[in-house]
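Each protein sequence line maps, in turn, to chains H and F.
1 is the number of the first residue of the first sequence in full-length UniProt numbering; add one for each residue after it.
1 is the number of the first residue of the second sequence in full-length UniProt numbering; add one for each residue after it.
Yeah, the Cβ is synthetic: ideal placement off N, Cα and C, and Gly gets one too.
Just so we're clear, the structure is a prediction, and the values are computed from it rather than from any experiment.
Reading through the structure tokens given below for one structure.
Protein chains: 2
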Amino acid sequence: MLTFYNELHAQHRGRHEFFRGALVPCFEKPERADSVLAELGRRGLGRIVTPQGVPLMSLERIHTPRYLHFLRTAWSEWIALDPANAGRDALPSVWPVRSLRHDIEPDNFTARMGLYSMDSGTPLTAGTWTAAKTGADCAVNAAHALRLGERGAFVLSRPPGHHAGKDFFGGYCFLNNAALAAQHMLDDGARKVAILDIDYHHGNGTQSIFYDRSDVLFISIHADPRSDYPFYLGHADERGEGAGHGFNMNLPLAQGSSAHAWFAALETACIRLGSFGADALVVSLGVDTFAGDPLSHFALQSADYLKIGARLAYLNLPTAFIFEGGYAVKELGVNVVNVLEGFETAL
Amino acid sequence: MLTFYNELHAQHRGRHEFFRGALVPCFEKPERADSVLAELGRRGLGRIVTPQGVPLMSLERIHTPRYLHFLRTAWSEWIALDPANAGRDALPSVWPVRSLRHDIEPDNFTARMGLYSMDSGTPLTAGTWTAAKTGADCAVNAAHALRLGERGAFVLSRPPGHHAGKDFFGGYCFLNNAALAAQHMLDDGARKVAILDIDYHHGNGTQSIFYDRSDVLFISIHADPRSDYPFYLGHADERGEGAGHGFNMNLPLAQGSSAHAWFAALETACIRLGSFGADALVVSLGVDTFAGDPLSHFALQSADYLKIGARLAYLNLPTAFIFEGGYAVKELGVNVVNVLEGFETAL
Ligand SMILES: [Zn+2]
Ligand SMILES: [Zn+2]
């Protein structure tokens with residue numbers, strides 16, 4: 001298995017997220033990727049490579065040019081507002097809900113930041129664009145490797161991506177790496193690509209990007225949005241729209257669901273994946289389903305991640321694993337690499 | 001002129017608003033109403049009365065039951081999350097932008113708070129519901145007084161109201177007092193009511209509430225939303241929709257516009273008001289158009305507010321003035337009462 005590693009991930013290092021009326025330390029931190037890299041080194045699961053940079057045009061296949069322009073220039077605009085901002089993360093504080101417009105981009109920076117966001121838990125920092133862009137490079141490179149014949153590829157990057165929509169950030173995500181990987185394979189000749197999102201949280205960004213399309217099947221196993229982030233998407237009745245009807249499948253589970261219930265949902269997902277007939281699979285690999293995760297309420301144990309990898313191997317598809325969430329830093333490496341090792345050794 | 005005074009306004013006393021990535025002291029504070037009350041006392045402009053409570057059903061004429069239920073119970077839910085929250089204002093941190101749903105109300109408190117808000121600059125505190133409800137009482141009472149024959153009534157209350165939509169708070173506003181006053185007059189037999197919003201900021205909540213109706217004409221003179229709050233509404237091309245087409249008029253002005261330009265816009269507004277043929281007028285009276293306002297960029301002087309009141313008097317309509325914004329606390333009383341005195345003494 002080839003690992004595309006984002007060496008610049010640590011340039012995205014948020015100080016605070018805004019939660020329940022207060023600034024609190026960030027859960028999404030550089031040590032997360034370090035934990036996975038260290039475990040990969042210990043197990044020797046294959047080459048770790050640095051990605052080639054991809055043109056902005058590749059990102060525009062998924063994200064709007066207006067949004068990408070905002071992300072690229074946001075930090076310098078933020079500093080221009082007040083030099084003291086260099087010591088402070090940028091976070092949004094106003095947003096266009098129902099009845100408010102999003103067709104006109106305001107001049108005001110705060111207003112634009114709110115236009116392009118869904119929460120104030122996702123700090124934008126000096127290095128955010130560099131880290132996120134290099135992560136997107138990794139995702140496109142991994143997709144390309146599959147097209148060139150690799151059976152498996154792993155994108156080891158942060159910030160994660162699955163909550164990012166075509167024109168907004170949130171949930172620690174800025175660029176949707178899974179969507180970029182899937183789109184690249186389609187642009188390179190694949191007919192159909194499936195995305196399986198097994199992060200604890202629903203992949204609202206990925207779902208919304210492909211919601212009206214039949215060439216990408218999106219399946220997500222996640223905590224019920226009534227209780228968990230992203231709250232406003234991920235219900236079972238969301239099946240796709242227009243040409244995409246029937247190509248979106250949500251499998252929400254209640255907080256506290258057992259590993260048994262989780263694997264039953266995985267089996268449902270695998271059956272649908274089998275009938276879809278994809279040329280390739282993208283896995284949004286979050287391991288915040290771990291029993292010891294500080295943000296989450298599922299019950300998987302480290303050994304369960306080996307089983308997940310093995311089950312996915314039996315789908316017999318070229319597969320790109322994209323690192324998403326998971327906040328139990330100490331066990332993160334073991335859990336993620338267990339999935340990869342399960343995949344590598346199953347067949 | 002009768003003044004309906006919200007004696008409980010000081011129960012809404014926010015500690016902080018979240019702005020540019022930091023918690024900063026609130027601009028919208030009890031001293032604002034105190035300044036106006038003191039000046040009213042000095043000038044002896046008529047009786048100051050306490051409102052009768054109105055049934056929740058009156059509020060449901062404008063706001064959704066779901067939203068009102070949230071506002072009424074939010075503080076106790078907030079405390080239930082963590083007793084330490086008693087010392088902290090409630091502020092939202094996640095929201096449903098494009099592609100996210102708002103038809104399902106999540107169970108999670110943070111998610112509901114975000115569902116019903118448009119910014120994190122509007123702290124919800126222990127006394128917010130009491131203050132806002134009593135303010136709404138004042139607005140409905142003032143409307144009723146006009147229907148009983150009063151020529152003018154003034155609602156002296158905070159928090160303000162014009163940014164609040166039918167199901168969201170923001171811009172320091174929770175219940176839309178101007179909309180409640182207008183609706184009460186219609187429910188009591190008025191055929192048509194006009195609302196003129198002269199706050200520095202566009203009255204996005206009021207506009208959106210009446211956007212598809214022809215029985216309420218909404219006109220707003222305000223700073224261009226490209227540069228100023230509420231950013232996502234208030235453009236000149238918003239003319240109403242459906243039956244409401246032609247019954248919404250926005251007169252945005254650039255930051256730094258002169259008093260001359262402002263009065264030219266007022267004249268445009270008055271001409272449209274004249275042709276509408278309203279039975280009554282509601283004025284959203286913000287005085288953050290004042291040259292010395294700390295949040296704003298218009299150039300009106302204190303004497304200009306006398307002229308505004310006089311010009312409105314010549315419309316010859318029963319008129320309810322609703323106190324909205326204005327943050328130059330020292331001059332606030334003089335500026336607001338100048339409008340009322342100009343109105344009283346013009347004819
Ligand atoms: Zn997650
Ligand atoms: Zn204002």
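Can you tell me whether residue i is buried or exposed, with buried defined as 16 or more other CB within 10 angstroms of its CB?
{"i": "LEU45 of chain H", "result": "buried"}
{"i": "SER275 of chain H", "result": "exposed"}
{"i": "THR125 of chain F", "result": "buried"}
{"i": "PHE52 of chain H", "result": "Sequence inspection shows Gln at residue 52 of chain H; the Phe mentioned does not correspond to that position. So GLN52 of chain H counts as exposed."}
{"i": "LEU2 of chain F", "result": "buried"}
{"i": "PRO230 of chain H", "result": "buried"}
{"i": "VAL140 of chain H", "result": "buried"}
{"i": "PRO123 of chain H", "result": "buried"}
{"i": "TYR327 of chain F", "result": "buried"}
{"i": "ILE221 of chain H", "result": "buried"}
{"i": "HIS245 of chain F", "result": "exposed"}
{"i": "ASP167 of chain F", "result": "buried"}
{"i": "GLY41 of chain F", "result": "exposed"}
{"i": "MET185 of chain F", "result": "buried"}
{"i": "ASP107 of chain H", "result": "exposed"}
{"i": "ARG13 of chain F", "result": "buried"}
{"i": "LEU81 of chain H", "result": "exposed"}
{"i": "GLY241 of chain H", "result": "Inspection of the sequence shows that residue 241 of chain H is occupied by Glu rather than by Gly. Exposed, by the Cβ-count rule."}
{"i": "VAL24 of chain F", "result": "exposed"}
{"i": "PRO160 of chain F", "result": "buried"}
{"i": "ASP304 of chain F", "result": "buried"}
{"i": "LEU148 of chain H", "result": "exposed"}
{"i": "GLY333 of chain F", "result": "buried"}
{"i": "GLU256 of chain H", "result": "Per the sequence presented here, residue 256 of chain H reads as Gly, with Glu not at that position. Burial call: exposed."}
{"i": "PRO225 of chain H", "result": "buried"}
Return the Cβ separation of residue i and residue j in integer angstroms, given the expectation that the two are a contact with Cβ distance under 8 Å.
{"i": "HIS162 of chain H", "j": "ALA178 of chain H", "result": "6 Å"}
{"i": "ALA259 of chain F", "j": "LEU317 of chain F", "result": "Rounded, the Cβ-Cβ distance is 24 Å, inconsistent with contact."}
{"i": "ALA198 of chain F", "j": "ILE308 of chain F", "result": "According to the sequence shown, residue 198 of chain F is Ile rather than Ala. The pair is a contact, with the Cβ atoms about 7 Å apart (cut-off 8 Å)."}
{"i": "TRP95 of chain H", "j": "ASP119 of chain F", "result": "7 Å"}
{"i": "GLU39 of chain F", "j": "VAL329 of chain F", "result": "Going by Cβ atoms, the distance from GLU39 of chain F to VAL329 of chain F rounds to 12 Å, so no, they are not a contact pair."}
{"i": "residue 374 of chain F", "j": "LEU196 of chain F", "result": "The shown model of chain F, from 1 to 347, leaves out residue 374 of chain F, and the question about it has no answer."}
{"i": "PHE4 of chain H", "j": "ALA194 of chain H", "result": "In fact, because the Cβ distance is near 20 Å, the residues do not count as touching under 8 Å."}
{"i": "GLY325 of chain F", "j": "TYR232 of chain F", "result": "Incorrect: roughly 18 Å between the Cβ atoms, too far for contact."}
{"i": "SER214 of chain H", "j": "ALA243 of chain H", "result": "5 Å"}
{"i": "LEU300 of chain F", "j": "PHE290 of chain F", "result": "5 Å"}
{"i": "VAL36 of chain H", "j": "VAL336 of chain H", "result": "5 Å"}
{"i": "VAL54 of chain F", "j": "ASP137 of chain F", "result": "5 Å"}
{"i": "PHE109 of chain F", "j": "GLU77 of chain F", "result": "5 Å"}
{"i": "ASN6 of chain H", "j": "SER157 of chain H", "result": "4 Å"}
{"i": "ALA313 of chain H", "j": "ALA346 of chain H", "result": "4 Å"}
{"i": "GLY165 of chain F", "j": "ARG272 of chain H", "result": "About 40 Å separates the two Cβ atoms, so there is no contact after all."}
{"i": "ASN176 of chain F", "j": "GLY135 of chain F", "result": "With 8 Å as the limit, ASN176 of chain F and GLY135 of chain F do not qualify as a contact, their Cβ atoms being about 10 Å apart."}
Under 9 Å between C-beta atoms, does residue i make it to chain C?
{"i": "ALA84 of chain H", "result": "Absent from the structure is chain C; the protein chains it does hold are H and F."}
Could you please go through the chain and list the residues whose beta-carbon is closer than 5 Å to any non-hydrogen atom of ligand 1? Having a Cβ closer than 5 Å to some heavy atom of ligand 1 are H:ASP199, H:TYR200, H:HIS201, H:GLY286, H:ASP288, H:GLY325.
Touching or not, the stretch 56-67 of chain H and the stretch 9-20 of chain F, by the rule of three or more beta carbon pairs under 8 Å? no
Check distances from the C-beta atoms of the stretch 200-231 of chain F to those of chain H and list, in chain order, the residues that come in under 9 Å. ASN204, GLY205, GLN207, SER208, ILE209, TYR211, ASP224, PRO225, ARG226, SER227, ASP228, TYR229, PRO230, PHE231
Contact set between the stretch 86-114 of chain F and chain H, restricted to residues whose Cβ is under 7 Å from the partner: So the list reads ARG88, ASP89, ALA90, LEU91, SER93, VAL94, TRP95, PRO96, VAL97, ARG98, SER99, LEU100, ARG101, HIS102, ILE104, PRO106, ASP107, ASN108, THR110, ALA111, given in the order they occur along the chain.
Can you find at least 3 beta carbon pairs, one from the stretch 113-123 of chain F and one from the stretch 291-298 of chain F, that sit closer than 8 Å? no
Would the stretch 230-250 of chain F count as touching the stretch 278-287 of chain F if we require 3 or more Cβ pairs under 8 Å? no
Quick one, which residues of the stretch 164-175 of chain H are near chain F if we go by CB-CB under 9 Å, in chain order? GLY165, LYS166, ASP167, PHE168, GLY170, GLY171
Can at least three beta-carbon pairs, one atom from the stretch 228-239 of chain F and one from the stretch 256-266 of chain F, be found at a separation below 8 Å? no
Are the stretch 46-64 of chain H and the stretch 77-88 of chain H in contact at 8 Å, needing three or more beta carbon pairs? no
Any C-beta of chain F within less than 7 Å: which residues of the stretch 232-257 of chain H qualify? TYR232, LEU233, HIS235
The stretch 287-309 of chain F: positions lying closer than 7 Å to chain H by Cβ: none
Chain H contacts from the stretch 114-128 of chain F (Cβ-Cβ distance under 8 Å): Only GLY114, LEU115, SER117, MET118, ASP119, SER120, GLY121, PRO123 from the stretch 114-128 of chain F bring a Cβ to less than 8 Å from some Cβ of chain H.
Counting only Cβ-Cβ distances shorter than 9 Å, please list the residues of the stretch 19-41 of chain F near chain H, keeping chain order. PHE19, ARG20, GLY21, ALA22, LEU23
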